[in-house]
Amino acid sequence: MKALTIKDFKTAPEFSDNVPEPTTDKTFDTLIDVLAAPIENFDKANAAGRHYSSTYWHPTFPSIPGASGIGRRVDNGQLVAFPARTLKPQFGSYAQRTVANSKLLLGISDTTDIYTSVAAASSLLTSVAPLKFSLDVKPGDTVLVNGATGFAGQLAIQVARSMVVSEIIGTGRNPERLAGLKALGATQTISLAEDDQTIMKSLTSMHIQGNLLILDYLWGHPIELILHAIIPNSLTMKRATSLVSIGAIAGQEISLPSKALRTSGLQIIGMQTPKVMANPQAVYKAVWDLINTGKIQSAVKTISLEEAATQIDWQKPVPSGVRTVIKM
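In structure tokens form, the structure reads like this:
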């Protein structure tokens with residue numbers, strides 16, 4: 384079969400039309416003809432050995448990358464979506480056929496726009512999981528999306544809008560996409576393309592209602608500025624602040640002032656919390672419930688397996704604002 388394979392963690396995925404078909408076992412019991420698979424930063428990091436789960440997904444070589452997608456079950460022809468952790472290690476979605484745990488598959492309608500949907504599904508998961516499962520979000524709260532001009536960040540703005548929170552604040556560097564965030568649901572926007580003094584002035588002027596929930600796709604210096612900006616100047620602060628670390632495009636390390644923890648009610652969590660890990664099907668169903676509303680907007684580019692091997696820079700982050708999907 385046709386597939387992209389890696390021969391080690393130092394070499395980019397290569398196209399081959401003579402890859403052995405996957406086989407089922409007791410856990411991964413269902414063969415799937417893949418129709419579409421997104422290229423995510425998660426997939427790139429795993430293929431390059433940069434993610435903590437790389438050796439789980441690729442225990443030996445050659446190995447097929449790709450953690451999620453949409454396809455048809457070979458046994459009954461049903462159209463299904465499969466999120467990360469559904470597929471058998473070493474047999475990823477960047478292939479004509481893969482093998483999955485049937486208990487984790489989600490049946491979807493044959494009328495689904497598979498390319499737009501598969502592009503959005505994994506990225507929607509990054510905001511649906513914390514906002515709908517990990518955090519106690521109330522209508523009177525404020526959601527701040529740090530890195531809202533990226534693909535997942537734009538979707539996070541729309542997820543926050545679906546929860547009818549009071550304020551939705553988006554930050555980002557791209558001026559054109561920053562200007563378009565209000566059409567997606569943002570009530571306030573802050574440019575990160577300015578100097579630190581200007582950014583801090585904008586951050587300290589944010590209008591925050593209720594508790595503050597920060598979805599952070601950047602980490603690095605931008606989140607340092609935000610954490611400094613939310614430190615209160617009095618002891619009357621009654622607001623709780625939750626920071627969800629999702630991505631680290633702006634840097635892997637930060638300087639965290641102690642007073643940000645002591646005085647702002649700040650708690651920091653990751654996207655994968657016990658509540659999320661314990662309810663993978665419920666989380667994924669919530670993602671698809673949003674997709675099925677037809678109200679989620681996303682920009683998608685489709686390419687073939689052969690083009691993915693030659694046109695994608697596997698060492699760089701995925702392009703901001705648009706998701707590339709491999710079309711089988």
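Each residue of the sequence shown is one higher than the one before, counting from 384 in our numbering.
All C-beta atoms, glycine included, are put in the ideal place defined by N, C-alpha and C.
Cα-Cα, which of the options is closest to residue i?
i	options	result
Leu673	Val501, Thr410, Leu488	Val501
Asp400	Val701, Ile491, Leu688	Leu688
Ser485	Leu462, Pro442, Thr499, Ser505	Leu462
Asn616	Trp602, Gly432, Asn429, Thr646	Thr646
Asn429	Leu418, Ala419, Gly568, Pro442	Pro442
Ala431	Ile591, Lys699, Gly704	Lys699
Ala419	Leu649, Ile453, Thr407, Ile609	Ile453
Ile613	Ala631, Asp519, Leu644, Met546	Leu644
Ser492	Thr587, Asp458, Gln635, Gly677	Gly677
Ser638	Ala661, Met660, His604	His604
Lys565	Asp599, Gln680, Asn594	Gln680
Asp408	Thr394, Lys471, Asp416, Trp440	Lys471
Phe398	Ser446, Asp496, Gln580	Ser446
Gln541	Asp578, Asp519, Ala503	Ala503
Assuming residue i contacts residue j (C-beta within less than 8 Å), just tell me the rounded distance between them.
i	j	result
Gln479	Lys385	5 Å
Tyr667	Pro466	5 Å
Gly553	Val528	5 Å
Leu596	Ser628	Not quite, the Cβ-Cβ distance comes to about 13 Å (not below 8 Å), so this is no contact.
Ser436	Lys658	With a Cβ gap of about 20 Å, Ser436 and Lys658 do not count as contacting.
Ile591	Thr525	5 Å
Asp426	Pro448	6 Å
Trp602	Ala631	4 Å
Leu575	Arg556	5 Å
Gln650	Leu487	Gln650 to Leu487, Cβ: 30 Å. No contact.
Kindly indicate the opening and closing residues of the alpha helix (DSSP H) around residue i.
i	result
Phe398	Segment 397–399 is the beta strand (DSSP E) holding Phe398; no alpha helix (DSSP H) there.
Asp416	No alpha helix (DSSP H) contains Asp416, which is instead part of the beta strand (DSSP E) from 413–421.
Ser446	Here Ser446 belongs to no alpha helix (DSSP H), and DSSP marks it neither H nor E.
Asp579	579–587
Arg433	Counting along the chain, Arg433 falls outside any alpha helix (DSSP H), and DSSP gives it neither H nor E.
Arg645	641–646
Ala661	657–661
Tell me which residue opens and which closes the beta strand (DSSP E) that residue i is part of.
i	result
Gln650	649–653
Lys710	706–710
Lys684	683–686
Ala531	No beta strand (DSSP E) contains Ala531, which DSSP labels as neither H nor E.
Leu561	Per DSSP, Leu561 belongs to no beta strand (DSSP E); it is in the alpha helix (DSSP H), 558–562.
Val627	624–628
Thr394	Neither: Thr394 is in no beta strand (DSSP E) and is coded neither H nor E.
DSSP three-state call for residue i: helix, strand or coil?
i	result
Ser549	coil
Ile606	helix
Ser485	helix
Asp672	helix
Thr406	coil
Leu507	helix
Thr469	coil
Phe425	helix
Gln571	strand
Ile497	helix
Ile491	coil
Val457	coil
Ser517	helix
Leu601	coil
Thr693	helix
Can you grab the Cα-Cα spacing for the pair residue i / residue j, in whole Å?
i	j	result
Ala562	Thr572	8 Å
Ile389	Glu423	16 Å
Arg706	Ser506	9 Å
Val708	Pro421	4 Å
Thr685	Arg622	44 Å
Pro522	Glu550	9 Å
Phe533	Ser703	First, the residue type needs correcting, since residue 533 is Gly and not Phe in the sequence shown. Using only the alpha carbons, I get a separation of about 5 Å.
Leu414	Ser476	11 Å
Leu508	Thr481	22 Å
Leu567	Ser510	15 Å
Pro640	Ser545	33 Å
Ile652	Ala669	21 Å
Glu636	Ile606	10 Å
Asn662	Gln655	11 Å
Ala450	Thr499	17 Å
Asn675	Asp458	25 Å
Gly648	Ala483	42 Å
Leu598	Arg468	23 Å
Ile582	Glu559	18 Å
Say the cut is 7 Å; is the CB of residue i nearer than that to a heavy atom of the ligand SAM?
i	result
Thr406	With respect to the ligand SAM, the structure shown offers nothing to examine, as it has no ligands at all.
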